[in-house]
Amino acid sequence: MSDATNGHPIDRLSAYLDDELPVADRAQLDRHLAACGGCREHLEALRVLSRAIAGEPVPGVPGDLAERVGRRIDALTVVPFRTRRFVVPATIAATIAGVGFLLIVTYKQGGPTAPILPHPPVPEASDRPASSGDGARPPAPSAAPAETTPPPPATGRATQEVLAKASSELPFDGERHADAGSITSAFDASAEGGVPGGVVGGVVGGIERGAGDVVERKDELRARAPMALDKSESEAGASASAHPVASPRDEASAFPAPCGDEWLDSGVEATWETADRAAALVGLERLARAHGGRLEPPGAGAPGLAFVIVPRSRFAAFAAAAVDSGMRGLDGAVPPGGAACIRQRVTLRPALAR
Amino acid sequence: MVVDAVRGILGMMRAGRPDDGAPEGEDDLVRRARAGDRRAFDRLVERHMPQVWATVWRMLRHREDTEDVVQEVFVTAHGALAGFRGDAKFSTWLHRIATTRALNHLERAEEKLRRASDPIDDDPLDPRRSTAPTPLRALEAKELMRRLAECLERLPAAWRAVLALRDAEEKSYEQIAEALQVELGTVRSRLARARASLKDCVEGRAA
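So the sequences go chain by chain: A and B. Counting the first sequence from 1 gives a position; this note's numbering is that position plus 184. Counting the second sequence from 1 gives a position; this note's numbering is that position plus 44.
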């Protein structure tokens, strides 16, 4: 297509229409249009098309689209495991009290004199590996959820057994988040009473037995981030910041991580300038999870270096999302090879003060 | 009743904060969303959903694909909030994610469809049309819109993007360049070529 056909500046009519020409060029085009009927007609055609595009009706937004967005985000969000160090919000306490009341009323196995369950059936600290002494670090639940829990009172034991059974039946996948629905159905199948599924899901979601390694790491990341969900997490996070997050490889989890140990380096270096490294790590993990992968957070020796491992088929999309979020150096090219996953090295650099 | 009450409590837990009824500015919502306030992010979704939907639809022109991509836009935005530094408006940042996602989607789809149909710039003369071109001014409004819709769907993804951003959303060339992450000159040339090809297609002319 010729840009300027026979001296007619057709190619500049588009910018003229949008008033995006330099002043001198516009003046020149004004003079030409005054003398050229063909170009005026061409300009008018462009104007008609522009108005038609602007006036073209757009289908209405589906009424449930926002809700679907919320559900997808929910599916990618792991409910953090709250330790006794954290202040239990009033809402959680109310939910626990409600569960206890309903258990007394509807659950028959515990007997008429069984006490109310005072708190979630959390494994005792003595059953877990010794921590460094910082109470803020969430305890690592055992890989076999049922074996270390001490016998609680009659009603509590029944609840413990049911929840342990339910948690062992969790459909853990690459995302490894508690499926409240599965827990609910398992509970309902075991209990005689009709405890509302939403109640069980809410309580068990805070327990997350069996997914402790993932939750622990994520909880540490959240605890270190100033953008913690509530003040209690921020307070705990201040003392937890001195402790590097354990690599998931170190924990020899009973559950296979997304991609396992088979990955190929992307071959490019990505950098992310951020004023808040902890928040950036949280964001990086979210990005990884959103694309079916995982984050390998920085180790003690290299606090600014993290790795994201995602399935090969999702790498391009991950790279595009990472660029959208401010990361640099990624081109989304998938290196050839047989590995099922790609590992992307990400260097977190402090952003310049603005 | 108990179930509803407990679900309400769980909903509040998920929201993170009770609603105090105070008016919410965009900056406040963004700040809270970045801090992990899910309810604030949900409010941002509600606010920006219509514009994101329109932007994506004008580029994809397919309802189901638009639903998928719009969801992807907001899920991506939620995951990338930590990287939003506030250098630009939140809407601008979100818009860039939307156009990128939509373009990615189109480019993936175009590869599959390339053998099935010729792009408008390769062969704008559609044998199904009348061979006699019709000047735009001679077209009735209804026929114009019908041809416009048909021709827009045949445009390359990059051209459709600039037309949607310029004509439908009245973005400046600079804003378009920022949204698409291209040079200003590229925006100018793409618009010129897109409009010229669109005009030829709607009028039924050969290149």
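Ideal Cβ placement from N, Cα and C applies to all residues, glycine included. This structure is a prediction, so every number in the text was calculated from the model and none was measured.
Exercise for the section: Kindly indicate which three-state DSSP category residue 449 of chain A falls into: helix, strand or coil? Expected result: In the first sequence, counting from the first residue as 1, residue 449 of chain A sits at position 265. Here residue 449 of chain A sits in strand by DSSP.
Practice task
Examine the Cβ distances between the stretch 105-121 of chain B and the stretch 178-189 of chain B and report whether three or more of them are shorter than 8 Å.
Solution key: no
Handout entry: Short CB-CB distance (under 8 Å) between residue 202 of chain A and chain B
Key = Here the question's residue 202 of chain A lines up with position 18 in the first sequence. So yes, residue 202 of chain A belongs to the interface.
Exercise for the section: Would you list the one or two residues that DSSP bridges to residue 495 of chain A? Expected result: To locate residue 495 of chain A, count along the first sequence from 1; it is residue 311. The partner list for residue 495 of chain A (beta bridge, DSSP) reads A:525.
Exercise for the section: Using a Cβ cut-off of 8 Å (strictly closer), state whether residue 118 of chain B contacts chain A. Expected result: As a working note, residue 118 of chain B is residue 74 in the second sequence. Chain A, which has a Cβ nearer than 8 Å to the Cβ of residue 118 of chain B, makes this yes.
Handout entry: Straight-line Cα distance separating residue 514 of chain A from residue 147 of chain B
Key = In the second sequence, counting from the first residue as 1, residue 147 of chain B sits at position 103. In the first sequence, counting from the first residue as 1, residue 514 of chain A sits at position 330. Distance between the alpha carbons of residue 147 of chain B and residue 514 of chain A is about 17 Å.
Practice task
List the residues of chain A whose Cβ lies closer than 8 Å to the Cβ of residue 89 of chain B, in chain order.
Solution key: For the purposes of this step, residue 89 of chain B is taken as residue 45 along the second sequence, with counting starting at 1. Here the neighbours are 250, 253, 254.
Practice task
Below 8 Å on the Cβ atoms is my guess for residue 523 of chain A versus residue 468 of chain A; work out the distance and round it to an integer in Å.
Solution key: Start at 1 with the first residue of the first sequence, and residue 523 of chain A comes out as number 339. Start at 1 with the first residue of the first sequence, and residue 468 of chain A comes out as number 284. Here residue 523 of chain A is actually not in contact with residue 468 of chain A; their C-beta atoms are around 21 Å apart, not less than 8 Å.
Handout entry: Any 3 or more C-beta pairs closer than 8 Å across the stretch 276-288 of chain A and the stretch 108-123 of chain B
Key = no
Exercise for the section: Please confirm if the stretch 226-236 of chain B is in contact with the stretch 193-201 of chain A, defined as three or more CB-CB distances below 8 Å between the two stretches. Expected result: yes
Problem - the stretch 90-107 of chain B: positions lying closer than 8 Å to chain A by Cβ - result: 90, 93, 94, 97, 98, 101, 102, 107
Exercise for the section: Tell me where the beta strand (DSSP E) around residue 247 of chain B begins and ends. Expected result: As a working note, residue 247 of chain B is residue 203 in the second sequence. It is not in any beta strand (DSSP E) - residue 247 of chain B instead sits in the alpha helix (DSSP H) that spans 228-247.
Exercise for the section: With a 10 Å radius around its C-beta and 16 neighbouring C-beta atoms as the bar for buried, classify residue 130 of chain B as buried or exposed. Expected result: As a working mapping, residue 130 of chain B is identified with position 86 in the second sequence. With fewer than 16 other Cβ atoms within 10 Å, it is exposed.
Practice task
May I ask whether a heavy atom of the ligand ATP can be found less than 7 Å away from the beta carbon of residue 110 of chain B?
Solution key: This structure lacks the ligand ATP, and indeed carries no ligand of any kind.
Handout entry: Straight-line Cα distance separating residue 133 of chain B from residue 213 of chain A
Key = Taking the first sequence and counting its residues from 1, one reaches residue 213 of chain A at position 29. Taking the second sequence and counting its residues from 1, one reaches residue 133 of chain B at position 89. So the two alpha carbons sit approximately 35 Å from each other.
Handout entry: Exposure label - residue 481 of chain A; buried when at least 16 CB within 10 Å
Key = Residue numbering aside, residue 481 of chain A sits at position 297 when the first sequence is read from its first letter. The residue is buried, with at least 16 neighbouring Cβ atoms inside 10 Å.
Practice task
Please check if any C-beta of chain A sits within less than 8 Å of the C-beta of residue 209 of chain B.
Solution key: Locating residue 209 of chain B in the second sequence gives position 165, counting from the first residue. Judged by the 8 Å Cβ criterion, residue 209 of chain B is not in contact with chain A.
Exercise for the section: For residue 235 of chain A, count neighbouring C-beta atoms within 10 Å of its own C-beta (all shown protein chains included) and say buried if the count is 16 or more, exposed if not. Expected result: Working through the first sequence from its first residue, we reach residue 235 of chain A at position 51. By the 10 Å Cβ count, residue 235 of chain A comes out exposed.
Problem - Residues of the stretch 208-234 of chain B with Cβ closer than 7 Å to any Cβ of chain A, in chain order - result: 210, 211, 212, 217, 232
Handout entry: Under 9 Å by beta carbon: chain B residues contacting residue 470 of chain A
Key = Taking the first residue of the first sequence as position 1, residue 470 of chain A is located at position 286. The contact set of residue 470 of chain A on chain B, defined by CB atoms closer than 9 Å, consists of 122, 123, 124, 125, 126 in chain order.
Problem - Interface residues of chain A facing residue 243 of chain B [CB-CB closer than 7 Å] - result: Translated into the one-based positions of the second sequence, residue 243 of chain B becomes position 199. Ordered by position in chain A, the residues that pass the 7 Å Cβ test against residue 243 of chain B are 229, 230, 233.
Practice task
Classify residue 460 of chain A as buried or exposed, calling it buried when 16 or more other Cβ atoms lie within 10 Å of its own Cβ.
Solution key: As a position in the first sequence, residue 460 of chain A is number 276, starting the count at 1. Buried, because 16 or more other Cβ atoms sit within 10 Å of the Cβ of residue 460 of chain A.
Problem - Neighbourhood of residue 415 of chain A by C-beta, 6 Å cutoff - its chain only, sequence neighbours within 5 removed - result: Taking the first sequence and counting its residues from 1, the one referred to as residue 415 of chain A is at position 231. Confidence in residue 415 of chain A is poor, its pLDDT being 41 and thus under 50, which makes the residue's placement unreliable; the coordinate value appears in the next sentence. Taken in chain order, the list of residues that qualify is empty.
Handout entry: Residue range of the beta strand (DSSP E) that includes residue 478 of chain A
Key = Within the first sequence, residue 478 of chain A is the residue found at index 294, counting from 1. Per DSSP, residue 478 of chain A belongs to the beta strand (DSSP E) from 478-480.
Practice task
For residue 200 of chain A, collect the residues of the same chain with a Cβ closer than 6 Å to its Cβ; drop the 5 residues on either side in sequence, then sort them by chain order.
Solution key: As a first step, residue 200 of chain A is located in the first sequence; it is residue number 16 there, counting from the start. Closer than 6 Å at Cβ, skipping near neighbours: 213.
Handout entry: residue 192 of chain B vs residue 204 of chain B beta-carbon contact at 8 Å
Key = Taking the first residue of the second sequence as position 1, residue 192 of chain B is located at position 148. Taking the first residue of the second sequence as position 1, residue 204 of chain B is located at position 160. Cβ atoms of residue 192 of chain B and residue 204 of chain B: not closer than 8 Å.
Problem - residue 483 of chain A versus A:531, A:260, A:204, residue with shortest Cα-Cα distance - result: Taking the first residue of the first sequence as position 1, residue 483 of chain A is located at position 299. Considering only alpha carbons, the answer is A:531.
Handout entry: Three-state secondary structure (DSSP) of residue 246 of chain A
Key = If you number the first sequence from 1, residue 246 of chain A lands on position 62. In this structure, residue 246 of chain A counts as coil in the three-state DSSP scheme.
Practice task
Report the residue from A:450, A:472, A:456, A:534 whose alpha carbon sits nearest the alpha carbon of residue 521 of chain A.
Solution key: Your numbering for residue 521 of chain A matches position 337 in the first sequence. Residue A:450 is the option with its Cα nearest to residue 521 of chain A.
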